[in-house]
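When we follow full-length UniProt numbering, the leftmost residue of the sequence shown carries the number 1, and every step to the right adds one. A short write-up of the structure that comes next.
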Amino acid sequence: MVPQKTMQQVRREARREELVKPALELLATHRIALKGHFDLGHGQHSDQYMNPHAILDTPPLVWQLAQCLIDLSVDASEADTVAGPMMGGAFLAYVIAGILSGQSRPGAPVTRFVPLQEVNNEFTIRTHYLQFVHGKRIWLVDDVCRTGQTLSLCAATIEEAGGRVVATGVILQNEKGILIRDPALKAIHHAFVDTFSAGSVDSDKCPQCQAGVPLTQF
């Protein structure tokens, strides 16, 4: 027997559909969602690529996408801190924290921002920002989730610093992302554009490689 959806689930799905269309139009207008033959890293190839640099060089677009993510992530808006890996995730986290602070009730605590930096394949948090992590509820965001490895490493760093990841959010995600399949993280995942679900394949099985199509790397 298929379980019935709750009204909250129905409303959230309807809201997601409402937001996805304009988000996709934004991505297409700014040539962020590209088609071709791309190396996604981690042994994955795709016929689609999301160019995060095209988001970051257009500040109004960052704000629009950040607001879309906030609108979809009602639970995450209760976080004390928004964190993200450098560079794209950190930019997105900074904007989201600013929007949430501006939308909060008078006298409410400011939503803090924490960047995570990669050093020798591990993510670290500078000493100054640890005060906004320890004992805090963290919303972890990034611009793109291809394998989930970056968000998983960031979540581990946050938890080691005494924070609790209450939600994660990305603009674009790869269906093979491992973060949302790891129950140990106990995080609610929100992603409003799912572009890569059909196009990501193992590099040794890539049909475009077999056909001799030139590979683009970023």
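Each residue gets a CB set at the ideal place from its N, CA and C atoms; glycine is no exception. Note that the structure is a prediction, hence the values are computed from the model and not measured.
Pick from the options that is closest to residue i, judged by C-alpha positions
i, options, result
"R146", "L40, A28, Q103, W139", "L40"
"D143", "I55, L72, A23", "I55"
"G163", "A33, A83, N121", "A83"
"G135", "P214, A14, F38, A79", "A79"
"I171", "K5, V10, L26, R11", "L26"
"M87", "E122, L100, P115, G98", "P115"
"Y129", "R105, L153, I158", "I158"
"H42", "E160, G212, S203, L69", "S203"
"F123", "E160, L215, R15", "E160"
"N121", "L153, V110, A108", "L153"
"I32", "H53, E17, K21, Q44", "H53"
"A66", "I99, V119, S46", "I99"
Chain-order list of residues whose beta-carbon lies under 8 Å from that of residue i (same chain, five-residue window excluded)
i, result
"L34", "Q48, Y49, M50, N51"
"V62", "I55, L56, F91, L92, V95"
"V133", "T81, A83, V114, I125, I158, A161, G162, G163"
"T216", "G36, H37, F38, D39, Y49"
"P214", "H37"
Cutoff 7 Å; reference residue i; Cβ partners in own chain excluding five residues on either side
i, result
"G89", "V141, D142, D143"
"R112", "D80, T81, A97, F132"
"Q64", "L26"
"L151", "L140, D142, C145, T168, L179"
Sheet register partners of residue i (DSSP bridge)
i, result
"D142", "V170"
"P85", "L116"
"D80", "D80 pairs with nothing; no bridge assigned."
"G41", "Q44"
"T124", "Q117"
"R164", "R137"
"T202", "In the sequence on display, residue 202 carries Asp and not Thr. D202 pairs with Q44."
Residue i burial status per 10 Å Cβ neighbour count (16 or more: buried)
i, result
"S200", "buried"
"P207", "exposed"
"P59", "exposed"
"S104", "exposed"
"G102", "exposed"
"Q44", "buried"
"F196", "Note that F196 scores 44 on pLDDT, short of 50, meaning its location in the model is unreliable; the coordinates nonetheless yield the value given after this. By the 10 Å Cβ count, F196 comes out buried."
"Q8", "exposed"
"G107", "exposed"
"G212", "exposed"
Closer than 7 Å: residue i CB and nearest the ligand PLP heavy atom
i, result
"D71", "This structure lacks the ligand PLP, and indeed carries no ligand of any kind."
Residue i in three-state terms, based on DSSP
i, result
"L215", "coil"
"S46", "strand"
"V110", "coil"
"K21", "helix"
"G36", "strand"
"T147", "coil"
"H53", "helix"
"R15", "helix"
"T157", "helix"
"S152", "helix"
"T6", "coil"
"S101", "helix"
"T29", "helix"
"C209", "helix"
Cβ neighbours of residue i in the same chain (closer than 6 Å, five flanking residues each side left out)
i, result
"E13", "none"
"R137", "A79, D80, R164, V166"
"Q117", "M86, T124"
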